[in-house]
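The structure appears right after this line, and notes come after that.
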Amino acid sequence: MRNKHTFQILKSTGRPEKFSKKKLIHSLVRTGLPKRQCEHIANEVTHDICEGQKTSDIYRKTLRLVRERSPLAGIQYSLKRAIFELGPTGHHFEEYVGRYFEELGYKTKTCQILKGKWVNHEVDVIAINHQEKFFVECKFHNRMGIKNDIKTALYVKARWDDLKSGTAGIGLSGFYLASNTAFSLDAIRYAEGTGLRLLGVNAPTDKSFLEHIKELRLYPITSLKSLNKHAKQLLIEKGFILAKDMKGKEDLLYKLGFSESEINNIQDEVDIF
0 MRNKHTFQIL
10 KSTGRPEKFS
20 KKKLIHSLVR
30 TGLPKRQCEH
40 IANEVTHDIC
50 EGQKTSDIYR
60 KTLRLVRERS
70 PLAGIQYSLK
80 RAIFELGPTG
90 HHFEEYVGRY
100 FEELGYKTKT
110 CQILKGKWVN
120 HEVDVIAINH
130 QEKFFVECKF
140 HNRMGIKNDI
150 KTALYVKARW
160 DDLKSGTAGI
170 GLSGFYLASN
180 TAFSLDAIRY
190 AEGTGLRLLG
200 VNAPTDKSFL
210 EHIKELRLYP
220 ITSLKSLNKH
230 AKQLLIEKGF
240 ILAKDMKGKE
250 DLLYKLGFSE
260 SEINNIQDEV
270 DIF
């Protein structure tokens, strides 16, 4: 019998990649499940893997097994995909990033046009508290596996330089680049050398954006498995970005056409958060 660890699987980009059981266990440990349970799930998933199997198929089976053990762990395991579901445009991701900074104690504004030294710039998020002022550029991708490369970091740093030299940049503490995907190693090195701050799947390097979201329990509304795609989009358009925003909103949900059983399921799931 062929060693399962030598199998090639297909990523969402269509590229083949060697299956790594160790990588799967590491992703499971980040959900908070005990190590032994993570290893058991990984063994069960690995047993059924076939050559050329899609990562999306592996993900769905793994998520089902995780949810059977812990609904909250399932929410954490599916967090990255839940953030992708804030698309297809980047507007709602910008609102989500704004809510992240608000949770940290900042007042925020989104989609502002500010004058740099030479040209005007649209700033996705402005975050201000009594000590600091940050500008945030948000890069939302509709496909997993797309990394933000050095060109993106260079572009954002150039905007930062022009903005901080203009009147809107007075008192500017720094600039963030936030994304729903990872950053290339060159982009990370460049950011560390220039002071550009990164928020993403693998940044900051000491604790990623996703890990910080888990700590703060800032799960997007798309994390709710009790909602279908249409319902998620409806509530996002009504201004609900975080799952916890739905707590105690039974009357509103009823007015929007949700049934009593659907409302109960939503509230039961929100209580997990």
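In terms of numbering that gives the first Met the number 0, the numbers along the sequence shown are unbroken and rise by one, the last being 272.
Glycine residues also receive a C-beta, built at the ideal position from the N, C-alpha and C atoms.
Predicted model, so just to flag it, every value in this text is computed and none were measured.
Strand pairing of residue i, partner residues [DSSP]
i	result
residue 196	175
residue 147	182
residue 155	Per DSSP, none; premise fails for residue 155.
residue 246	Residue 246 is not bridged to any residue.
residue 135	124, 175
residue 16	8
residue 202	199
residue 109	124
residue 119	114
Nonlocal neighbours in the same chain, by C-beta distance under 7 Å from residue i, ignoring five residues either side
i	result
residue 24	37, 38, 41
residue 62	73, 76, 77
residue 186	147, 148, 149, 151, 152
residue 109	93, 94, 97, 123, 124
residue 215	102
residue 69	32
residue 89	137, 139
Cβ neighbour criterion (16 or more within 10 Å) applied to residue i
i	result
residue 13	exposed
residue 91	buried
residue 118	exposed
residue 30	buried
residue 72	buried
residue 176	buried
residue 81	buried
residue 147	buried
residue 8	buried
residue 59	exposed
residue 157	exposed
residue 179	buried
residue 169	exposed
residue 199	buried
residue 49	exposed
residue 120	buried
residue 228	exposed
residue 231	buried
residue 192	exposed
residue 17	exposed
residue 85	buried
residue 184	exposed
Cut-off 6 Å between Cβ atoms - residues of its own chain near residue i, not counting five sequence neighbours on either side
i	result
residue 101	107
residue 128	104, 105
residue 53	9
residue 161	115, 116, 117
residue 249	262
residue 126	100, 105, 107, 133
residue 243	272
residue 268	223, 225
residue 66	73
residue 208	198, 199
residue 145	180
8 Å Cβ shell around residue i - same chain, five flanking residues per side excluded
i	result
residue 265	223, 225, 226, 245, 252, 257
residue 47	60
residue 15	7, 8, 9, 51
residue 189	149, 152, 153, 156, 195
residue 79	143, 179, 200, 209
Distance between beta carbons of residue j and residue i, contact taken as under 8 Å
i	j	result
residue 111	residue 122	5 Å
residue 172	residue 131	4 Å
residue 272	residue 218	6 Å
residue 64	residue 43	6 Å
residue 220	residue 239	5 Å
residue 233	residue 255	7 Å
residue 159	residue 174	4 Å
residue 141	residue 87	6 Å
Cutoff 8 Å: residue i Cβ touching any chain B Cβ
i	result
residue 264	No chain B appears in the structure shown, which is made up of a single protein chain.
As an exercise, report each continuous alpha helix (DSSP H) stretch of at least 4 residues that is fully enclosed by the region 11-72, in chain order. 20-28, 34-46, 54-68
Uninterrupted alpha helix (DSSP H) stretches inside the region 203-268 (no shorter than 4 residues): 208-215, 228-236, 249-254
Which residue spans inside the region 78-109 form an unbroken alpha helix (DSSP H) run of at least 4? 78-83, 90-102
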